[in-house]
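All residue numbers for the sequence shown refer to the numbering used here, where the first residue is 1 and numbers rise by one. Heads up, the thing below is written out as structure tokens.
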Amino acid sequence: MKSNSDKNQSKLPWWVELLFVQIGLPDSWLSIFLKKRKDAANYINENKRYIAYSAILIAGILYMYPIVKYTSSTSSCIDKTTKYLKSNNINRLQNKMDINSLAVGYCNGGSLPE
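Listed below in structure tokens is the structure:
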């Protein structure tokens, strides 16, 4: 049969049981952690709007980065291929538009003319 003192005590959260009872971390760390957790919760409650705006901004940047990187690498490939075609005088009779289209085709998996 349980005594009255056992009934009055609340059950510890699983992470407290694991870290401080089973593993044996110092009890002073628990009070520091709980204080920091309370301060963080208060900070989040006071600054919800700014945190939401920051999250949207970061998500937008993370969404746009692969697009910008792909565009940059494609542009670089086209520039290098165009310079190569001009320096080797490939297709001397073709105009600038044709050289650019050959470079785009090469950068998208095509082959260069001989």
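Backbone N, C-alpha and C fix where the C-beta goes; we use that ideal spot for every residue, glycine too.
Alpha helix (DSSP H) segments (min. 4 residues) lying fully within the stretch 4-38:
4-8
Work out the CA separation of A55 and Y84 for me, nearest whole Å.
Taking the sequence shown and counting its residues from 1, one reaches residue 84 at position 84. Taking the sequence shown and counting its residues from 1, one reaches residue 55 at position 55. For Y84 and A55, the distance between alpha carbons rounds to 44 Å.
Quick test of the definition: if touching needs 3 or more C-beta pairs under 8 Å, does the stretch 103-111 touch the stretch 70-87?
yes
Taking the alpha helix (DSSP H) that G60 belongs to, which residues open and close that run?
On the sequence shown, residue 60 is found 60 positions in, with the first residue counted as 1. G60 -> alpha helix (DSSP H) spans 48-87.
In this structure, how does DSSP classify N100 when only helix, strand and coil are distinguished?
As a working note, residue 100 is residue 100 in the sequence shown. Reduced to three states, the DSSP call for N100 is helix.
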